Amino acid sequence: MQTEKTSNRISHAITFRPGKNFSDSSSFFVGIPDHKRALFQHMKYCEALKKNGMKVTILSADSTLSGNCFIGSIAIVTENLAIIGTFSDDNPRQMERKAVASALAGSKILKLITAPGLLDCRDALQINDHFYISLSDRTNQEGAAQLAFFLREYGYKITMLAPEKEFRAPLNTTATYLGKNRLLIREELTLLFPFLGYEKIVVPYKERGAVNALMANDTLILPAGYTETSDKIRQLRIPLLEVNISEFEKTNGGINCLSIRSMESEAKSLRTKNIDHILEKEKMYG
39 MQTEKTSNRI
49 SHAITFRPGK
59 NFSDSSSFFV
69 GIPDHKRALF
79 QHMKYCEALK
89 KNGMKVTILS
99 ADSTLSGNCF
109 IGSIAIVTEN
119 LAIIGTFSDD
129 NPRQMERKAV
139 ASALAGSKIL
149 KLITAPGLLD
159 CRDALQINDH
169 FYISLSDRTN
179 QEGAAQLAFF
189 LREYGYKITM
199 LAPEKEFRAP
209 LNTTATYLGK
219 NRLLIREELT
229 LLFPFLGYEK
239 IVVPYKERGA
249 VNALMANDTL
259 ILPAGYTETS
269 DKIRQLRIPL
279 LEVNISEFEK
289 TNGGINCLSI
299 RSMESEAKSL
309 RTKNIDHILE
319 KEKMYG
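So the sequence shown is numbered by this note's numbering: it starts at 39 and just counts up by one.
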């Protein structure tokens, strides 16, 4: 069982407003997203974060990028650290790192994953002071090792996972920690050894998108439309806030992917800083 942290609350969130080319994403799952509707839903998402006590910083979208509203891929933020992931050179998301790092550089100790490491930050799941890191076609052994090195420096425990090849979803889009040793989780993860000690709330296969949620300040922010899952959460008496993000789900995005959050104990005013020289460094562990 994990030791609960109760003293720190999430006070800041950073998010990208979807740009005009949001609907140009190359990955459509259930239809082509509508930009105007996405903007409205993003506004409602930010309102939900504010309702849960967070100050929200909205970064301007880069008109050349279609996926940058899914900022959760770019950074992992802890009480002290901001760790910036990295992608292959031919991945357009590599261009997004500068804006995210600039927003975080004034409030956190900045660490960068560098080549030959690859790290999609969605492949890391935090449960209190423990990080589970999953290897995938997005995150290689070198990227995972660099991430583990940075986190261990600050006292975090690390467990490396190597899911079956047919399991391709990012780890933190398939499980959400609800507190009190409870996991909202997809069925295919339930038998993984590191998760055997948790009480599991398993989402039905037809509602697997519901697990891409956000537990923030004792309230679960859940994507709207997943009635069986929301009923299970209400039975646990967990405060619930449902947000319609259907346009983002069309590109396989979710609640957790749309922001990165910062704890109150270390949160400072966010300020932009020139970090070109940092991003050009190739030193392995920064």
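Glycine included, each C-beta is placed from N, C-alpha and C at the ideal position.
Please read these numbers as outputs of a predicted model, since none were measured by experiment.
C-alpha distance - residue i paired with residue j, whole-angstrom precision
i	j	result
residue 231	residue 58	43 Å
residue 260	residue 276	11 Å
residue 299	residue 49	8 Å
residue 129	residue 93	31 Å
residue 273	residue 152	45 Å
residue 127	residue 269	43 Å
residue 235	residue 228	10 Å
residue 53	residue 237	31 Å
residue 135	residue 122	7 Å
residue 220	residue 239	7 Å
Sequence-distant residues of the same chain with beta carbon closer than 6 Å to residue i, five excluded per side
i	result
residue 90	254, 255 and 257
residue 321	Its pLDDT being 42, under 50, residue 321 is placed unreliably by the model, and the measurement read from it follows with that caveat. None.
Start and end residues, alpha helix (DSSP H) containing residue i
i	result
residue 224	Segment 220 to 224 is the beta strand (DSSP E) holding residue 224; no alpha helix (DSSP H) there.
residue 190	179 to 191
residue 81	73 to 89
residue 267	265 to 273
With 16 other Cβ atoms within 10 Å as the buried cut-off, status of residue i
i	result
residue 280	buried
residue 118	exposed
residue 243	exposed
residue 161	buried
residue 158	buried
residue 285	buried
residue 208	buried
residue 110	buried
residue 287	buried
residue 177	buried
Contacting residues, own chain, Cβ-Cβ under 8 Å from residue i (five flanking each side not counted)
i	result
residue 55	77, 80, 96, 97, 98, 99 and 107
Terminal residues of the beta strand (DSSP E) in which residue i lies
i	result
residue 138	Careful: residue 138 lies outside any beta strand (DSSP E), inside the alpha helix (DSSP H) at 135 to 142.
residue 254	252 to 254
residue 238	237 to 241
Same chain, Cβ closer than 7 Å to residue i, neighbours up to 5 away in sequence not counted
i	result
residue 189	169 and 196
*asked:* I want to know whether the segment 136 to 148 touches the segment 159 to 177 - three or more CB-CB distances under 8 Å.
replied: Fewer than three Cβ pairs drawn from the segment 136 to 148 and the segment 159 to 177 lie within less than 8 Å of each other, which leaves the two stretches out of contact.
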